[in-house]
Amino acid sequence: MLINAFILALRELRRNVMRSILTMLGIIIGVSAVITLVTLGGGATQQVTQQIASLGSNLLMVSVGKRMGAGQSSGAPMFKIADADALSRELPELSLVAPTAAAPTTAIFGNENWSTNITGSTEAFFPVSNQQIALGRLFTASEARVGATVCVIGQTVATKLFGAQDPVGNRIRLNKLSCVVIGLLKPKGQSTMGSDQDDLIVVPLRTFQRRIAGNQDVSLIKVSVKDGFDTDQAKQRIEQTLRSRRHLASNEENNFNVLDMKEIAAMLSTTTQTLTGLLSAVGAVSLLVGGIGIMNIMLVSVTERTREIGIRLAIGALEREVLLQFLVEAVVLSSLGGIIGIVLALSASVLLASLLQVPFVFQGGIIVIAFLFSASVGVVFGYFPARKAARLDPIEALRHE
Amino acid sequence: MSADLPLLELRNVSKVYGKGDATMHALAGIDLKIYPGEFVAVMGPSGSGKSTCMNILGCLDTPTAGQYLFQGIDVGALNRNQRALLRRHYLGFVFQGFNLLNRTSALENVELPLIYRGTATAERRLLARKALLAVGLADREQHTPGELSGGQQQRVAIARAIVTGPSLLLADEPTGNLDSARSIEIMELLTAFNRDQGITVVMVTHEPDMAAYAKRIVQFKDGLIAHDQPTGG
Ligand SMILES: Nc1ncnc2c1ncn2[C@@H]1O[C@H](COP(=O)(O)OP(=O)(O)OP(=O)(O)O)[C@@H](O)[C@H]1O
Ligand SMILES: [Mg+2]
Chain V
1 MLINAFILAL RELRRNVMRS ILTMLGIIIG VSAVITLVTL GGGATQQVTQ
51 QIASLGSNLL MVSVGKRMGA GQSSGAPMFK IADADALSRE LPELSLVAPT
101 AAAPTTAIFG NENWSTNITG STEAFFPVSN QQIALGRLFT ASEARVGATV
151 CVIGQTVATK LFGAQDPVGN RIRLNKLSCV VIGLLKPKGQ STMGSDQDDL
201 IVVPLRTFQR RIAGNQDVSL IKVSVKDGFD TDQAKQRIEQ TLRSRRHLAS
251 NEENNFNVLD MKEIAAMLST TTQTLTGLLS AVGAVSLLVG GIGIMNIMLV
301 SVTERTREIG IRLAIGALER EVLLQFLVEA VVLSSLGGII GIVLALSASV
351 LLASLLQVPF VFQGGIIVIA FLFSASVGVV FGYFPARKAA RLDPIEALRH
401 E
Chain P
1001 MSADLPLLEL RNVSKVYGKG DATMHALAGI DLKIYPGEFV AVMGPSGSGK
1051 STCMNILGCL DTPTAGQYLF QGIDVGALNR NQRALLRRHY LGFVFQGFNL
1101 LNRTSALENV ELPLIYRGTA TAERRLLARK ALLAVGLADR EQHTPGELSG
1151 GQQQRVAIAR AIVTGPSLLL ADEPTGNLDS ARSIEIMELL TAFNRDQGIT
1201 VVMVTHEPDM AAYAKRIVQF KDGLIAHDQP TGG
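As you go down the protein sequences, you meet chains V and P in turn.
Residue numbers for the first sequence follow the numbering used here, so the first one is 1 and each next one is one higher.
Residue numbers for the second sequence follow the numbering used here, so the first one is 1001 and each next one is one higher.
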C-alpha cells in the first residue's frame, strides 16, 4: 500500500514538474540556508579554537596598563626583568615565564628590506608561544643571558629578505644592530585577529634592551601554567605578586592586566555560536514558510484534482489510501526539496568556506536534522489537505467541474 | 433465471434530499431485483431519479429508507470503507463524462483499479493491455485522454471498468456525449462483455435505440418505477 502510494505520488509529481519545483523552493532555500550557516559557523568556531590552541596552552599574558582603555597604560610603570624572575621564583605552578619587549623595525639583508616588529625575549618565548624551529636552532639560555647578537626569524621575514635561499648563517641589519640568523621558525599562519604570526624577528631580550630600546623595560610577560594547575588561581597569584612588587595599596586598581587566552577563546566561540544560531533561526523560519507553501499548493492541488479523487474513490480507493497518496506526495515533495537543499548547501559551503578562508567542516548532524525536519514539514503541512481529499464525497467529487 | 439469488435487490428504497419545505424525494420507495447476467437499461425523464438510483446501486450513496442488498449483503449496514472495498472488488463504473485521469496514459488509467487491488505490476500490465485490446485500443495505450477522441476515451473508461472482471457494470449515460456511430460501438462493447463474460450491466440512457441493446428496460418517473419489462428481442 505504501509502495502504491509512492508510485502514485511520483507519477503525479512527474506530471507537474514545474509546479513541484516551485513548491519545493521554500524547503530548498530553508534547508540550504540552515546547513550552509551551520557548516560555515562550525568551520569558523573550529578555526578560532585551533588558533587559540596554537597560541599555546594555559597561556597567560601579563601586560602593563589597566584592562580597559589603552591610554591608561602610559601612566603605569613598565615591568623589569626582575618582575619576571620573581614570578618564576615565587610561583611554582608556572612552567615558563617569558618577559618580552617589542619595537617596530626595518630588517635589511643585501638589497632587500622589510618593515616588521622585533621582539626581545628569553629562550622561554618559543615554547610559551608554541613556536617551533624549522631550520637551524633557537638561541640558548646563555646566549639570552649574555645578550648575543643572534636572531630567530619567522617564515614571512625569511621569504621577504631571502626568497627561497636558506637564511640560516646570514647576517641581517636591524636599525643599529647587526645579528646572525641562527634559526627559522615553522609557519603558523594567520591569527584569530587576522595578523600574520610568521612576521616576526626574535632576539635575546638583553640584546634588544641594550641595542634597540636602550632601556630595561619589559612590556609583556608571557606565562604558561603547569598542567594540573588552575589558570584562574595562577592568575590571582600573579596579580598578588605583582601588586606587592608594584607597591599598590589595597584600594588601588591593578595597573597591569593578566589575560587568560582561554577566556578569549571561549568568548570568540560563543560569539560565533550565537551568530550561527541566529542565522539558523532565520533559515528555520524559511523552512516554516516553505511548509506553508507546500500546504497551499497541496490545497490547490486537492481542489484541482477533486474529479480525480472522485474517480479514485468510486473505483474503490479507501479513505486512508487517498490520504496516504496526498500525504506521500507532500512528503516526497518536501524531502526531495530537503535533498536538493542539502546538495546545494554542501556545494555552497565548500565554495564559501574557501572564499571566507574558514575550514570546511562536514556537519553530519545538521544534515540529518534538516532532512528529517523537511520530511516532517511534508507530514505536518500535507496532512490537512490530504485529509480534505480523503473525506470528499465521491458523488460530489465526480460532479465537480 | 428467477430461481437464482438476485445479484442486487432494492426493497422499498427511497432517497430524500433537503429538509422541511425543501424536501425532495429523488426516489420515493422503489423495489427492483436484478439477476446475474442481466443487461438492464434504465430510462425516464430528467430528474426522475435514475442517477440517484445508480449511485445507490453503485454503493456510492446509501438510501434514506429501505434496503439495498448486494449479493444478499445489506449495503446500508456497511461503513464507508466497506462500501469502497465492495466497489473495488465487484463493481465497474462508466460515467457520462468519461472521467479518466488527465495527463495519464490510457494504460495507466486502466491499471488504476488494479493498483488498488494490489495486483502485481507484471500482471497489472498484462490485464490492462488485454482490456485495451478488448475495446480495440491496443495501439493507443500511451495516449493521454487529451490525445483521444470522445469515443476512444469512453472505450478506455469501459476497459477500466471491466479490467477487474466485475460482477456488475454500472453505466450512467455512457453514450450521452457521443454521436450515434460512436454510441453503437459502445453499446456493442457492453453487449459483448455482458454476453461473453457474463457481466451484469445496468445502464442509464435517454435514447430508445441504445436501450434496445438491453434485455430489459426499467422506466423511471417521479422517483418511482413506472414500467419494467423485457425488450422485444
Ligand atoms: N445532492 C442532491 N441534493 C439535492 N437534490 C438532489 C441531489 N441529487 C439529486 N437531487 C435531486 O433529485 C432528483 C433526481 O435526480 P437524478 O440526478 O437522480 O435525476 P436523473 O433521473 O438522473 O436526471 P437526468 O436524466 O437529468 O440525469 C432531481 O430532482 C435532483 O434535483
Ligand atoms: Mg442522471
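Glycine included, every Cβ here is placed at the ideal spot set by N, Cα and C.
TODO: Using a Cβ cut-off of 9 Å (strictly closer), state whether V/A314 contacts chain P.
DONE: yes
Open item on the list: Considering only their Cβ atoms, is the gap separating V/L200 from V/T116 smaller than 9 Å?
Closed with: It is a contact, given that the beta carbons lie within the stated cut-off.
Open item on the list: Does the CB of V/E329 have a neighbour CB from chain P at under 9 Å?
Closed with: no
- [ ] Name the residue from V/K176, V/L138, V/S219 whose alpha carbon lies nearest to the alpha carbon of V/K66.
- [x] V/S219
Task: Residues whose Cβ lies closer than 7 Å to any heavy atom of ligand 2, in chain order - done: P/K1050, P/S1051, P/D1172, P/E1173, P/V1204
Task: Rounded C-alpha distance that separates V/T272 from P/Y1116 - done: 54 Å
- [ ] Report the residue from P/M1024, P/E1123, P/D1074, P/L1091 whose alpha carbon sits nearest the alpha carbon of P/P1036.
- [x] That would be P/L1091, whose Cα lies nearest to the Cα of P/P1036.
- [ ] Answer yes if the region 1189–1196 of chain P comes into contact with the region 1024–1036 of chain P, meaning at least three C-beta pairs across the two stretches below 8 Å, and no otherwise.
- [x] no
- [ ] Return the bridge partner residues of V/Q216 from the DSSP annotation.
- [x] Looking at the DSSP assignment, V/Q216 forms no beta bridge with any residue, so it has no partner.
TODO: With DSSP collapsed to three states, give me the class of V/E304.
DONE: helix
Open item on the list: I'd like to confirm something about P/F1093: is its beta-carbon nearer than 8 Å to some heavy atom of ligand 1, or not?
Closed with: no
TODO: Assuming V/G212 and V/I172 form a contact by the criterion Cβ under 8 Å, report the distance between their Cβ atoms to the nearest whole angstrom.
DONE: For clarity, residue 212 of chain V is Ile in the given sequence; the question names Gly instead. No, V/I212 and V/I172 are not in contact; Cβ-Cβ is about 13 Å, not under 8 Å.
Open item on the list: According to DSSP, V/C179 sits in a beta bridge with which residue or residues?
Closed with: V/I172
TODO: Decide if P/D1061 is buried, meaning its Cβ has at least 16 other Cβ atoms within 10 Å, or exposed.
DONE: buried
- [ ] Tell me where the alpha helix (DSSP H) around P/H1089 begins and ends.
- [x] 1080–1090
- [ ] Starting from the C-beta of V/L135, find all residues in its chain whose C-beta is less than 8 Å away, skip the five residues before and the five after it, and write them out in chain order.
- [x] D166, P167, V168, G183, L184
Open item on the list: By DSSP's criteria, P/H1227 is part of a beta bridge. Which residues make up the other side?
Closed with: P/Q1219
Task: Listed by chain order, chain V residues near P/L1112 by CB distance under 7 Å - done: I315
- [ ] Look at the alpha carbon of V/F162 and the alpha carbon of V/D85, and state the distance between them as a whole number of angstroms.
- [x] Spanning the two alpha carbons is a distance of roughly 36 Å.
TODO: Identify which residue in V/L299, V/I153, V/T39 has its Cα closest to the Cα of V/Q131.
DONE: When only C-alpha atoms are compared, the closest one is V/I153.
TODO: Output the distance between the C-alpha atoms of V/N113 and V/I35, rounded to the nearest integer angstrom.
DONE: 47 Å
TODO: Mind checking which residues open and close the beta strand (DSSP E) that includes V/N58?
DONE: Counting along the chain, V/N58 falls outside any beta strand (DSSP E), and DSSP gives it neither H nor E.
- [ ] Using 8 Å as the cut-off, classify the Cβ of P/H1206 as near or not near the heavy atoms of ligand 1, replying yes or no.
- [x] yes
Open item on the list: Under 7 Å, CB to CB, which of the residues in the region 1197–1212 of chain P have a partner in chain V?
Closed with: none
Open item on the list: Quick check: does the Cβ of P/Y1068 come within less than 8 Å of any heavy atom belonging to ligand 1?
Closed with: no
Task: Candidates P/G1029, P/A1084, P/K1050, of which the one nearest P/G1066 by Cα - done: P/G1029
TODO: With DSSP as the reference, label P/E1009 as helix, strand or coil.
DONE: strand
Open item on the list: Please report the distance separating the alpha-carbon of P/I1056 from that of P/P1166.
Closed with: P/I1056 and P/P1166: Cα-Cα distance of roughly 17 Å.
- [ ] For V/Y383, write down the residues that DSSP places opposite it in a beta bridge.
- [x] Answer is none; V/Y383 lacks a bridge partner.
- [ ] Give the residues of chain P in contact with V/L398, contact being defined as C-beta atoms less than 7 Å apart.
- [x] F1095, N1099
Open item on the list: Let me check you understand the geometry: is the CB of P/G1026 closer than 8 Å to at least one non-hydrogen atom of ligand 1?
Closed with: Checking the displayed sequence, the identity of residue 1026 of chain P turns out to be Ala instead of Gly. Yes, ligand 1 has a heavy atom inside 8 Å of this Cβ.
Task: For V/V64 and V/P77, the rounded distance between their alpha carbons - done: Cα to Cα, the separation comes out at about 7 Å.
TODO: Find the nearest neighbour of P/E1108 within the set V/T49, V/D260, V/R312, judged by alpha-carbon distance.
DONE: V/R312
TODO: Taking P/Y1068 as the query, report the chain V residues whose CB atoms sit under 8 Å from its CB, ordered along the chain.
DONE: The contacting residues do not exist; P/Y1068 stays about 15 Å from chain V at best.
Task: Cβ neighbour criterion (16 or more within 10 Å) applied to P/Y1068 - done: buried
Open item on the list: Can you list, in chain order, the residues of its chain with a C-beta nearer than 6 Å to that of V/V302? Leave out the 5 residues immediately preceding and following it.
Closed with: P385, K388, A389
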